[in-house]
Amino acid sequence: MEDQLVQLLSATQTAQEDTRKHAEQQLLSLYGHQELPLGLIGIACHDSVPLNIRQAALLYLKNLVLAGWSSSLDEWKGQALVTDENKAILRQQLLTLATQDQLDRKLKAAAGLVVSKIASADYPIEWPDLLDNLLALIPNATEGQLHGALRVLGELVEDSFNEQTFFTVAPQMIKVLYDVATNDQRKPTLRALACKVFHGCFDILEMVLEDHKTMVKSFADEILKEWIPFFVNVLNTRLPDPPSQEEEDQDTPNALLYKGQIALKLQCVKVLMRIRSVFPAILSPQSIVLFQATWQELSLLEPAYSLMYIQEDRQSRLEDADGLPYTLDFLILEELDFMQACLRAPPVRAQLEQELQNQTPDNSWVTQVMKLAVAYAQITTEEEGLWDVDVNIFLSEETSVTANYTPRTACGDLVIKLGEWLTEPTVNGLLTYTRVLYSQSKGWKAEEAALYVLNQLLSDFQDVEKQISPEAASGYVDFIRYAMQQPDAFLRARGYLVAGSLTRTSGDALQQLGTSFLEASLQAIPSDESDVVQVSCIRALQYYLQALPHATTQPIQNTIIMSISNYLATQDMSELSDSEDLMVTLVETLRDAILIDTRICITDNGLDTLFRVASHQANNFQLTMLVTEAFEEVTETIARMGGDAYVQLCARVLPSLMGAFDVGSLTEENALCNFAADLLAVLAEHGPEPLPAGFVATTMPKLTRVLLGSTDEELLKSATTAVKNIISHDHQQLFEWRDDTGKAGLEVTLIIVSRLLSSCSDHAAGEVGALAAEVVEKAGHERLGPYLEQLLRSVAVRLAQAKQAQFIQSLTLVFARLSLNHASEVVEFLAGQDIEGQNGLQVVLAKWLENSINFAGYDEIRQKYVRTSPEIEQFTYERRMPVGRLQIVRNNVIALSKLYDLKDPRLAQVQVQGDLIPNTDGRIMTRSRAKANPDKYTIVPAPLKILKVLVVELQSASGAPLDAQAAAELAEEDSGDDDWEDEANPFVDLGSGFSREQLMAFAAEEPGGGRQRDDETQGFLVDFFKRAATTQGFAEEFGQLTEEEQQRLRDSAA
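Numbered per the UniProt record's numbering, the sequence shown spans residues 1 to 1054.
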C-alpha cells in the first residue's frame, strides 16, 4: 500500500487542481483502513522517499490523528480511525523519528507536531513513559537527537500539558532544560532552544496562578533562583565582533557561532520579559543588575549595529526553522524593550533618581540614555532604500497606521516612557545631547535621529495634553531651521515635521514662528523635489491647524486646500490604492483644513477633493470612515447655520453622491455605492425638518433601486439607514413622492421593508427594525390601515429567526417604541399571533428580554423622539453620551417598565432564560466541549426577568463600580507582586497612565456595563422600583432575585 500512498501524496503536490483534489479525496476515502496510518508513518521514516513526500505523509497523518485518534481532540469527527494496537506502533515510531540524529529539521518538526497532538490526548494515561523517555534521552543525546527532543518537548509544553500533568513533571523537566541551557559544550542554538521551551512553561504557570497563587509563586521562586543568575551571566557575556558580509553569505563557523550567541542572548531576554510580566516581585530585587547589564550591552553593541545596518545593508529580522530569531536587530529590539521595562522597577527608579540629584544635564545619566536612543534611532540603510521608492512606508512611521516595530520605534518608546517619569530632565537631556551632536557634525542620520526622538516625545506630550517649556522649545528652533535647509531629504523632511510638532506642543511660545513655519511648508509642497518632504509638509499642516489661532489659518484656508488638491493632481490615484498611510494623511489634512470654516463647502471645492480621494479608496474602511466623520461634522455645522446654507450644501453634494450610485452600479463596485449611501444617510440625519424641496425626488430612486435589487449586505444596511433618516426628518415629502411606476412613497417603503424582512440575511437587514419603527410612527394606523398588523407580524416572525445581536435589537425596538405609549395594545396584538407554533408574545418577549442587557450603541432612536414620551422628556437633557445610544437604553428601560406595570397575567405565563447556571466540573472549556455542552440557564417568568434586566440597567446608569468583594479581590490580585507596583503588565503598555481604579472599572465590565453615569435613567428606575414595591406580587418576585440583585435595590433605595 505504501507505493499507492506515495503516488497519491505526490499527486497532492501537483499544481493541477483536478488531479490534486482527486488524490485528496482518495486519501480521505482510506480513513478507517488500518493500512493508512501505518503506511504513512512507513513513508515518513523511509530515507529513499523524497523529502516533500515524507513531509506530506506526516501532514496527512496529523490530519488523521486529529480526526480519529481520540474524542478528546477538538477536531474529532466521531469515529475511531486507529486501533489501540496500531496506536502503540505509531507512538513509538513517531517519537523515534522526531528524535532521530541525522534528519531534516522540517521533517523532525513535523514529526514532533504529530507527537504533541497524540500526547495531548494520550499523556499520561495511554502514553505514560513519553516524558520519561524524552528526559532520559536529553542529557547524553547527540546534537540531532537533542534538537528533536527539545522540539517535541516544546510542542508538549505548548499543546499537551494540563495543570496536573505539568506540575507532576515540571521540576525534573525544568532541571533538564537548565542543564542544557547552561552547558557551554552545547551549540548556542540548542541552548537557546532550551530557553525557548522554558519560556513556554510560563504560559501554563500564568494560567494556574490565579487559582493556586501560593503554590505557583513558591515553585517559580525556587526554580528561578538558578535561572536568573544564568540569564545575568549571559547578558554580561560579550559578543565577538560581527562576521563580515562574506562570512555571513558563506555561513562560516564564525558566522554560525555569532548567530547562535545572538539567539541565546535573545531567548534569555525574552524569558526575563516573561518573568517580569508574570512574577515581577521575584525579578524586582535583580532589576538594578539587569538594567545595568542591559544598558552596558546596548552601549557595547552600538558600533556593530551601526556598521551592519546603518552603514551597510545586512539582512535583518531573520529567524531559523525553529523559530529562533538570530539577527542583531532583533536582539537590540528585545533589549531596548527590557531596558524600558527595568526603568519602571522601583529599585532602579530610586537609584537613578538619587544619581540625578547630583548631576547636571551635561553629565546626567538621562543624557547618556538620549545618546543611546539617538544612536539606535538612526535610519537604517534598508529603510533609506525603501523610503526612497515608497513614501507610504516612510509615512507609516509617522501615522502608526501600518508601521513595523523596529529599534528606531523602540527608541522613541523608550524616550516617551522616560519623559512620562522625568519630563524636564528628559527634555533637557535630549536638548543637551542634540547640541553636542550638531556641533560635532556626526552626519545627517544622527542629526535626523535626534529630531525623530524629539518628535516622538512631542507626540506623546500632545496625547497627554502636556507642553514643552518655552525655553526648551526655543532651544530647538535653530536645529529645525538648519534641518529644513539641508540637502538630505530625510533630514529636511524631519525638520518640517518637528517644526509642526514643536509649534503644537509649546503653547503660545512659537506662535509667530509657527506662522512662518506654516508658510514654509506650503511653499515646499509644490516646490521641493522630494516626495518625502512634500508629504511631510502636508502632514505638518495638521499640527499648525491644531495649534495656530483661527485668525491666522482662516485667511489661508483656501490656499491650504488648493495645495493638497494640486499635489493630488500630480499623482496617479490608481497607484495610490496600496498607500494607506499616505491617503490617510491627505484626508486628515484636508479634513482639518475644511473644518477651519465649513462654509467653504458651499462656496468652494474642498468637499469635492475629499470625495474624490475617498471614491478611489472606497474599499478602505479607515479612509471612508474618516471622510464620513468629517462630512458629518460639516453637515452638522452647516445645518446649524440656518437659512439656505443646508440647501446650498445639498445642491453641491447631491449630484456627486447620485453620480457615485450610478458609477458604482455600472462598474459593479458596491463599495462606492456603500460609501455614497453612508454619506447620504449622514446628510439626511443632520438635515432640518422638513428637508429641502426635491430631496426625496432626487435620492429615493437611487435608494429604491439599491434596496430592491442589491444583495450586498453593507450596502443594504447603509441605504436602509438613509431611508430611515429621510422618513424621520420629512415623512410628508416621502409619502407624497411617487416612483416612475406611480407607486406612492409609503407603498415603496413597505415593499422595501418586506424585502428586507423576508429575503435578506440578519446582517443585511440589520437596520430594518429602525426603518419599520419610523414607518409605524410616522404613518400611523390611519395611513397603514390593515398593513400595520401585517408589518408588525412580519417583524415578529423575523425576530423569531434572528441570531445577530444588532438585528435582534433593531427588530425588538419596533415593539419597544410602540410600548412606550401603547403597551397594552402591543401585548394584545402579540398574544393573538401564532408564530411557527409558538405564541407571539412568547417569541418576542423571549428575544427581547434575553438580549436586552446588551442593547446600546446602535444609533436607531433620535433625540426628537423624546417629545412623544413624557417620561423620557422629563429625564432628558444634553449630555456627552451620544443621544441615540442613550435613548435606546432609556426607551428600552421605560418600555419594559410599562410592560411590567400592566400586571397582565399573560406576561407571567411567558417563560424566558433567567440566570446562567455555572459550570462546576472544573474542566477547561474547549471548543468541542462547549459545543457538546452549551450554556444552561434557569427559566423564569417574564415579569421577574424584566426586574432582573432593570436592576442591571440601574447599576449601569449609576456608573457603579465593582461590588466590594470583587473590588477587594481585584485589588489583592493587582498588588500581589507590588515590588514593581506601578503597572500590572509593563509589556502591554508601559505608558497607558491607567490608575488601578480605571483598570478595576475595565475588569468590572459586564453585560449592560461600560456606560457613563446617567442620572436621568437612574432617577426614573429608582422611582419605578419604589412604585413597583407597593404593587401586588412584588414581594414574591423580590424574593426570587439573587442576593446581589436584592442588595442593589436596597442600595438604590437608601
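Ideal placement from N, C-alpha and C gives every residue a C-beta, glycine not left out.
No experiment lies behind these values; they were computed from the predicted model shown.
Exercise for review: Examine the Cβ distances between the region 945–954 and the region 1038–1049 and report whether three or more of them are shorter than 8 Å.
Suggested key: yes
Practice item. Express the C-alpha separation of L715 and V910 in angstroms, rounding to a whole number. Key: 37 Å
Review point. Which class does A520 belong to by DSSP, given the choice of helix, strand or coil?
Key: helix
Practice item. Taking all protein chains shown into account, decide if Q523 is buried (16 or more other Cβ within 10 angstroms of its Cβ) or exposed. Key: exposed
Check your understanding: So is I564 buried or exposed if we call it buried at 16+ other beta carbons inside 10 Å?
Key -> buried
Practice item. Just list the alpha helix (DSSP H) runs in the region 343–400, keeping only unbroken ones of 4 residues or longer that don't cross its boundaries, in chain order. Key: 346–357, 365–376, 381–389, 391–399
Review point. By the 10 Å Cβ neighbour count, where 16 or more other Cβ atoms means buried, how is A1053 classified, buried or exposed?
Key: exposed
Review point. Under three-state DSSP, which class holds A80?
Key: coil
Practice item. Confirm, please, whether the CB-CB distance from R539 to L607 is below 8 Å. Key: no
Exercise for review: Using alpha carbons as the reference points, say which of V940, E850, S824 lies closest to L899.
Suggested key: S824
**Study point:** Cβ pair L266, L331 closer than 8 Å
**Key:** yes
Exercise for review: Using the Cα positions of G1009 and S956, report the straight-line distance between them to the nearest angstrom.
Suggested key: Confidence in G1009 is poor, its pLDDT being 43 and thus under 50, which makes the residue's placement unreliable; the coordinate value appears in the next sentence. C-alpha separation (whole angstroms): 5 Å.
Check your understanding: Hey, how far is the Cα of L568 from the Cα of R612?
Key -> 10 Å
Check your understanding: Out of curiosity, what's the CA-to-CA distance linking L791 and V706?
Key -> 21 Å
Check your understanding: Taking all protein chains shown into account, do 16 or more other C-beta atoms lie within 10 angstroms of the C-beta of I379, making it buried, or fewer, making it exposed?
Key -> buried
Check your understanding: N725: buried (16+ other C-beta within 10 angstroms of its C-beta) or exposed?
Key -> buried
**Study point:** Exposed unless 16 or more other CB atoms sit within 10 angstroms - verdict on P303
**Key:** exposed
Check your understanding: So L227 packs on Y178, CB below 8 Å; how close in whole Å?
Key -> Note on residue identity: the sequence assigns Trp, not Leu, to residue 227. Right, the Cβ-Cβ distance comes to about 6 Å (below 8 Å), so this counts as a contact.
**Study point:** Helix, strand or coil at I596 [DSSP, three-state]
**Key:** coil
**Study point:** Nearest to residue 1055 (by Cα), restricted to the options F161, A141, L134, G412
**Key:** Shown here, the chain extends from 1 to 1054; a query on residue 1055 therefore has no answer.
Practice item. Grab me the residues of R793's own chain with a C-beta within less than 7 Å of its C-beta, minus the 5 sequence neighbours each way, in chain order. Key: Q833
**Study point:** Exposure of P621, with buried meaning 16 or more beta-carbon neighbours within 10 Å
**Key:** In the sequence as presented, Pro is not what sits at residue 621; that position holds Phe. Looking at its Cβ environment, which holds fewer than 16 other Cβ atoms inside 10 Å, F621 is exposed.
**Study point:** Sheet register partners of L916 (DSSP bridge)
**Key:** Y937
Check your understanding: A293 by DSSP, collapsed to three states: which one?
Key -> helix
Practice item. Take the Cβ of Q874 as the centre, count every other Cβ of all protein chains shown within 10 Å, and call the residue buried at 16 or more, exposed below. Key: Reliability of the predicted coordinates at Q874 is poor, the pLDDT of 35 falling under 50, and the value obtained from them is presented with this limitation in mind. Label assigned to Q874: exposed.
Point to revise | C-alpha gap between C650 and L799, whole angstroms | key: 37 Å
**Study point:** Where D478 sits in the DSSP three-state scheme
**Key:** helix
Check your understanding: Looking only at DSSP bridge pairs, what is P325 linked to?
Key -> E319
Point to revise | Helix, strand or coil at R880 according to DSSP, with G and I counted as helix | key: Reliability fails at R880, whose pLDDT of 32 lies under 50, so the model's placement of it is uncertain and no value is given.
Check your understanding: Going by alpha carbons, who is nearest to V197 out of K270, I894, V940, E529?
Key -> K270
**Study point:** As assigned by DSSP and simplified to three states, the class of R640
**Key:** helix
Point to revise | Minimum C-alpha distance to N428 - residue among V366, F517, Q456 | key: V366
**Study point:** Counterpart residues of N839 in DSSP-defined beta bridges
**Key:** D834
Exercise for review: For R738, name the three-state secondary structure that DSSP assigns.
Suggested key: strand
Check your understanding: Does the distance from the C-beta atom of L107 to that of Y60 stay below 8 Å?
Key -> no
Review point. A194: which of S244, M207, L657, C268 sits nearest, CA to CA?
Key: C268
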